[in-house]
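Chemist: As they're listed, the protein sequences go chains X and A.
Numbered according to our numbering, the first sequence spans residues 1284 to 1417.
Numbered according to our numbering, the second sequence spans residues 1284 to 1417.
Beta carbons: idealized from backbone N, C-alpha and C, even for Gly.
Below: one structure in structure tokens.
There are 2 protein chains.
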Amino acid sequence: MERTIRYSKKREAILEAICSTHIHPSADWIYQRLKPAHPDLSLGTVYRNLNFFREQGTIQCVAVVNGQERFDADVRPHNHFICDHCGAVIDLHQIPVDAGLDRQVSEKYGLQVHHHDLVFHGTCTGCGEKSQIS
Amino acid sequence: MERTIRYSKKREAILEAICSTHIHPSADWIYQRLKPAHPDLSLGTVYRNLNFFREQGTIQCVAVVNGQERFDADVRPHNHFICDHCGAVIDLHQIPVDAGLDRQVSEKYGLQVHHHDLVFHGTCTGCGEKSQIS
DNA sequence: TTCGTTGCAAACATTTTGCAGTTTC
DNA sequence: GAAACTGCAAAATGTTTGCAACGAA
């Protein structure tokens, strides 16, 4: 039978940290963020809870940037932009993508498609302005 | 001034290994593949050359699967499917995606978009059949 | 001879895990 | 009191790097 899920202050704080930002944080960012208020927090706990939330479907990993997984508490389908200079991950909610795309792939290739990720790469506004100055 | 690029048998073999397959190999796959014919090949050399080819634009990294980068010698824009069971990376050449998508993102969000990656996730044919049996 | 390339091993960075102690219910 | 959760430190994993030897031009 399924295991019982217990309340934990650390777990609550970790989810709250992810929900409180739109930067799509990494495990270490969450750890650094919570460390002041939770001095005894350990990085292992952050990782364990990130995997817990991922299994529950509460969060999703939206990208791996410079070898670090980046998480999003918004699990509704939407797309992302990654700045290849500073590593920023930005939500794109206004980009309409053909809703039947998954079915198209499924039919043409005979694959069971569960979802897709659409990620744009380029230079974000801040990095673009900086490079113009120099 | 730019550095001179010299010929090297290992480098040639590494590129040949990537070009010879459609599985989108990882660094270690290439290493294992070439080890018999090149017993003194080292993993460091594989990594160094992968980064070399990437900088040259000869290959691209198309995904990170189970923490491993997966490479493709086909640098033309096309999409991919990843099997979440076995980690297979499959080319999708027949999926038409709006060519103006990058410009749309650029205009709506004021970002400099260089390219995008569209990755489908699901279960591949082989894994789907296996799970039906059990 | 020059300097790009390599093997090797050590270093690095991120993530996972074993275990003993703590907390929740 | 059972078992979920945690801190800690060690381990595992994938990748990078320093250095001396090797090889191409």
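Evaluate contact between the stretch 1397-1414 of chain X and the stretch 1361-1369 of chain X, counting only Cβ atoms and requiring at least three cross-stretch pairs below 8 Å.
Modeler: The answer is yes - the stretch 1361-1369 of chain X touches the stretch 1397-1414 of chain X, with three or more Cβ pairs under 8 Å.
Chemist: Would you call the CB atoms of Gln1387 (chain A) and Ile1373 (chain X) closer than 8 Å?
Modeler: Cβ atoms of Gln1387 (chain A) and Ile1373 (chain X): not closer than 8 Å.
Chemist: Check Ala1300 (chain A) in the structure and name its three-state DSSP category.
Modeler: Ala1300 (chain A): helix per DSSP, three-state reduction.
Chemist: Cα separation between Arg1359 (chain A) and Ile1342 (chain A)?
Modeler: Going by the C-alpha atoms only, they are around 10 Å apart.
Chemist: Taking the alpha-carbon positions, what's the Ser1325 (chain X) to Val1347 (chain X) distance?
Modeler: Roughly 22 Å separates the two Cα atoms.
Chemist: Using the C-alpha atoms, what's the distance from Val1345 (chain A) back to Val1345 (chain X)?
Modeler: Spanning the two alpha carbons is a distance of roughly 15 Å.
Chemist: Hey, is His1305 (chain X)'s beta-carbon within less than 8 Å of any beta-carbon in chain A?
Modeler: False, the Cβ-Cβ gap to chain A never drops below 8 Å.
Chemist: Quick one: what's got a C-beta closer than 8 Å to Leu1398 (chain X)'s C-beta in the same chain, skipping five residues either side?
Modeler: It is His, not Leu, that sits at residue 1398 (chain X) in the sequence shown. Only Pro1360, Asp1385 meet the Cβ criterion.
Chemist: Just to confirm the assignment: which complete alpha helix (DSSP H) runs, minimum length 4, are found wholly within the stretch 1288-1354 of chain A?
Modeler: The stretch 1288-1354 of chain A contains these whole alpha helix (DSSP H) runs: 1292-1302, 1310-1317, 1326-1339.
Chemist: Which partner residues does Gly1405 (chain X) have in the DSSP bridge list?
Modeler: According to DSSP, Gly1405 (chain X) bridges with X:Cys1366, A:Val1396.
Chemist: If you draw a straight line from the C-alpha of Ile1418 (chain X) to the C-alpha of Asp1323 (chain X), how long is it?
Modeler: Outside the shown range of chain X, which is 1284 to 1417, sits residue 1418 (chain X), and nothing can be said about it.
Chemist: If I measure Cβ to Cβ from Ala1356 (chain X) and keep anything under 6 Å in the same chain, skipping five residues before and after, which residues do I get?
Modeler: Cβ within range, chain order: Ile1301, Cys1302, Ile1342.
Chemist: My output table needs one value for Asp1381 (chain A): the three-state DSSP class, helix, strand or coil.
Modeler: Correct three-state label for Asp1381 (chain A): coil.
Chemist: Answer yes or no: does any C-beta atom of chain X fall closer than 8 Å to that of Tyr1330 (chain A)?
Modeler: Not an interface residue.
Chemist: Between the stretch 1391-1409 of chain X and chain A, which residues of the former have a C-beta closer than 8 Å to a C-beta of the latter?
Modeler: Within the stretch 1391-1409 of chain X, the qualifying residues are Lys1391, Tyr1392, Gly1393, Leu1394, Gln1395, Val1396, His1397, His1398, His1399, Asp1400, Leu1401, Val1402, Phe1403, His1404, Gly1405, Thr1406, Cys1407, Thr1408.
Chemist: Alpha carbon to alpha carbon, what distance is there between Leu1401 (chain X) and Leu1394 (chain A)?
Modeler: One C-alpha to the other measures close to 16 Å.
Chemist: Shorter than 8 Å from the beta carbon of Asp1385 (chain X) to some beta carbon of chain A?
Modeler: Yes, its Cβ sits closer than 8 Å to a Cβ of chain A.
Chemist: Under 7 Å Cβ-Cβ, which residues of chain X neighbour Val1372 (chain A)?
Modeler: Per Cβ cutoff of 7 Å: no residues; Val1372 (chain A) is ~12 Å from chain X at best.
Chemist: Alpha carbon to alpha carbon, how far is Glu1352 (chain A) from Val1396 (chain X)? Give it in angstroms, no decimals.
Modeler: Looking at the two C-alpha atoms, the distance is approximately 22 Å.
Chemist: In whole angstroms, give me the CA-to-CA distance for Pro1319 (chain A) and Asn1362 (chain A).
Modeler: C-alpha separation (whole angstroms): 32 Å.
Chemist: Compare the beta carbon distance of Leu1298 (chain X) and Phe1354 (chain X) with 8 Å and say whether it is the shorter of the two.
Modeler: Result no, Cβ atoms of Leu1298 (chain X) and Phe1354 (chain X) do not sit closer than 8 Å.
Chemist: Using CA atoms only, rank isn't needed, just tell me which of A:Thr1287, A:Tyr1330, A:His1376 is closest to Arg1294 (chain A).
Modeler: Out of A:Thr1287, A:Tyr1330, A:His1376, A:Tyr1330 has the C-alpha closest to the C-alpha of Arg1294 (chain A).
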